[in-house]
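What follows is a short report on a single structure.
Chains as they are written, first to last, in this note's numbering: chain W, 1415 to 1750; chain G, -2 to 150.
Quick look at the structure:
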């Protein structure tokens, strides 16, 4: 009896120790934002709204020396969604295997500035091509699959990411898996160059974001080239180019071209910045709903502290959807 | 006579300012970068410390095959100020943002933070992958036996 009691106490002790070790190795952070927007469209309609963004929870844990977990649930007005859920095995700097729901490794901005973590994002909204759907976004930023990645290879600090995932056809079993590849170098501290490519083969029956059901195979090929200098003492800069081609057996390739350029200059706690972005579609592109978009933004960011930022922006937007829109936005973003 | 008086006052003022500046400037080698004794590295330059601490060059110490574990102080202090400004060339806000970004990007573990040099030394002594900074005053013979100093600044 005494031995059983002793064993129980020992087991309980081990369990408590394990739980303590897991807690020591787990970090939790929260990010949130709130804002105010006043806008006037081409019909001279004036609206102004207070906005509360999502609350994002970041949970990371180093399970063992080589295995880590990242979970990113987002709490919004529409409920809870899983932005990312990633389990990684770190073999060496040159090879890491990650599985789960990840950010598509396309471009630099998309993988560096996180969509709901506005406190680390230079602007109020992401550039249109990689923005969330409610911000006139075009691309699917997440993918569920398995990714191989490596970094810090050679003195050029070469890195790669190769993701095989479900892609756009998340629910169609007849579609091929999507392959996304991203290659980059960082020859000088904070200066990155990257090229990315992605190919999707969508089977008939797949439902497009427009609601249309595909009648024949669609192939979507994406090419991206990016450059970014960010994190230095004063000047920051980013520019990206996207070309997306959609082809079917019966039609010629139709294209979507997009690009954006961002520049900012840090003056102590203030960073004035500009962002210009454009999305151009060929007519009847199929998968995407055509909405040509041009946006110019003039803003200033004030870093109250490391994880507390105020942004003020004047946005001048033009799109097929709303013709012209002038908007003033204020955003207060925090992390804790 | 008046010129001599002005010159003398100027000289005294200059000496005074120089003395004050000397008083405020930390003496060379006032702080030290420390690693675990198991680590086979014996010396690092300031730029190498920055790359290892920020895990920009690699994520693991290849010599001992362990994750790099940067160690920081919980609250602002002279040791932290000197380390951020002289070795990292970054402000405290930039360091915080950098590690938060890395945590978001790759689930990278943020630095372990401690309240005093003694706690830093104990952690570095027990964790093979740790790299931290302390005041050289804390490096008693007993503490020196527990850890390895790879740079003084």
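Where is the CB? At the ideal position from N, CA and C, for every residue including glycine.
Top-ranked residue by Cα proximity to residue i, from the options
i                       : options                        : result
residue 1604 of chain W : W/1570, W/1595, W/1591         : W/1570
residue 1639 of chain W : W/1737, W/1654, W/1717, W/1617 : W/1654
residue 1608 of chain W : W/1730, W/1525, W/1504, W/1551 : W/1525
residue 1709 of chain W : W/1676, W/1495, W/1726         : W/1676
residue 1461 of chain W : W/1450, W/1471, W/1592         : W/1450
residue 38 of chain G   : G/71, G/75, G/59, G/136        : G/59
residue 1468 of chain W : W/1483, W/1479, W/1485, W/1447 : W/1447
residue 1551 of chain W : W/1718, W/1715, W/1721, W/1707 : W/1707
residue 1523 of chain W : W/1582, W/1444, W/1488, W/1610 : W/1610
residue 1701 of chain W : W/1567, W/1527, W/1577, W/1620 : W/1620
residue 1458 of chain W : W/1743, W/1749, W/1739         : W/1739
residue 1617 of chain W : W/1581, W/1652, W/1597         : W/1581
residue 1695 of chain W : W/1729, W/1734, W/1628, W/1713 : W/1734
residue 1645 of chain W : G/91, G/55, G/61, G/148        : G/91
residue 1533 of chain W : W/1728, W/1743, W/1741, W/1715 : W/1715
residue 1545 of chain W : W/1527, W/1558, W/1681         : W/1527
residue 1683 of chain W : W/1599, W/1594, W/1722, W/1703 : W/1722
residue 1597 of chain W : W/1443, W/1641, W/1487, W/1658 : W/1641
residue 1648 of chain W : W/1680, W/1744, W/1666         : W/1680
residue 1628 of chain W : W/1514, W/1643, W/1664, W/1650 : W/1664
residue 1486 of chain W : W/1514, W/1478, W/1712         : W/1514
residue 1519 of chain W : W/1495, W/1567, W/1705, W/1559 : W/1559
residue 1719 of chain W : G/76, G/88, G/63, G/82         : G/88
residue 1566 of chain W : W/1456, W/1601, W/1576         : W/1601
residue 47 of chain G   : G/61, G/74, G/73, G/83         : G/83
Close beta carbons around residue i, own chain, < 7 Å, minus the five adjacent residues each side
i                       : result
residue 1564 of chain W : 1507, 1508, 1509, 1510, 1573, 1574
residue 1615 of chain W : 1589, 1590, 1631, 1633
residue 1476 of chain W : 1439, 1482
residue 1464 of chain W : 1450
residue 1370 of chain W : Past the boundaries of the shown model lies residue 1370 of chain W; chain W is included only from 1415 to 1750, so the question cannot be answered.
As assigned by DSSP and simplified to three states, the class of residue i
i                       : result
residue 98 of chain G   : helix
residue 1544 of chain W : helix
residue 1595 of chain W : strand
residue 1600 of chain W : strand
residue 116 of chain G  : helix
residue 1717 of chain W : strand
residue 1515 of chain W : strand
residue 1733 of chain W : strand
residue 138 of chain G  : helix
residue 1438 of chain W : helix
residue 171 of chain G  : This structure does not reach residue 171 of chain G, given that chain G is present from -2 up to 150, and the question cannot be answered.
residue 1651 of chain W : strand
residue 163 of chain G  : Look at the range of chain G in this structure, -2 to 150, and you will see that residue 163 of chain G is not part of it.
residue 69 of chain G   : strand
residue 19 of chain G   : Unreliable positioning characterises residue 19 of chain G in this predicted model, as indicated by a pLDDT of 41, which lies under 50. The coordinate reading is nonetheless provided below. Helix, per DSSP.
residue 124 of chain G  : coil
residue 1525 of chain W : helix
residue 1538 of chain W : coil
Beta-carbon proximity of residue i to residue j, cut-off 8 Å
i                       : j                       : result
residue 1498 of chain W : residue 1516 of chain W : yes
residue 66 of chain G   : residue 127 of chain G  : yes
residue 1746 of chain W : residue 1731 of chain W : no
residue 104 of chain G  : residue 1502 of chain W : yes
residue 100 of chain G  : residue 1540 of chain W : no
residue 70 of chain G   : residue 111 of chain G  : yes
residue 121 of chain G  : residue 32 of chain G   : yes
residue 35 of chain G   : residue 125 of chain G  : yes
residue 43 of chain G   : residue 136 of chain G  : no
residue 26 of chain G   : residue 102 of chain G  : no
residue 54 of chain G   : residue 147 of chain G  : no
residue 1537 of chain W : residue 1713 of chain W : yes
Cβ-Cβ separation, residue j to residue i (assumed contact under 8 Å), whole Å
i                       : j                       : result
residue 109 of chain G  : residue 132 of chain G  : About 18 Å; that fails the 8 Å criterion.
residue 49 of chain G   : residue 85 of chain G   : Not a contact, Cβ separation roughly 11 Å.
residue 1529 of chain W : residue 1555 of chain W : 6 Å
residue 1651 of chain W : residue 1643 of chain W : 5 Å
residue 1531 of chain W : residue 1445 of chain W : 5 Å
Sequence-distant residues of its chain with Cβ nearer than 6 Å to residue i (five each side left out)
i                       : result
residue 1690 of chain W : 1675, 1710
residue 1672 of chain W : 1543, 1656, 1693
residue 21 of chain G   : Any reading at residue 21 of chain G must be qualified, since the residue scores a pLDDT of 41, below 50, and its modelled position is unreliable; the value itself is stated next. Cβ neighbours of residue 21 of chain G beyond the five flanking positions: none.
residue 1613 of chain W : 1593, 1635
residue 1625 of chain W : none
residue 1685 of chain W : 1678, 1715
residue 1742 of chain W : 1452, 1728
residue 1704 of chain W : 1695
Close Cβ partners of residue i (< 8 Å) along its chain, the five nearest in sequence each way excluded
i                       : result
residue 24 of chain G   : Because residue 24 of chain G carries a pLDDT of 45, less than 50, the predicted location of this residue cannot be relied on, and no value is offered for it.
residue 1504 of chain W : 1480, 1481, 1482, 1510
residue 1489 of chain W : 1468, 1469, 1470, 1471
residue 1495 of chain W : 1487, 1488
Proximal residues of chain A, C-beta to C-beta of residue i below 9 Å
i                     : result
residue 90 of chain G : Among the protein chains of the structure shown, namely W and G, there is no chain A.
Distance cut-off 7 Å: residue i Cβ against heavy atoms of the ligand ADP
i                       : result
residue 1580 of chain W : Only the bare structure without any ligand can be found here, which leaves the ligand ADP out of the picture.
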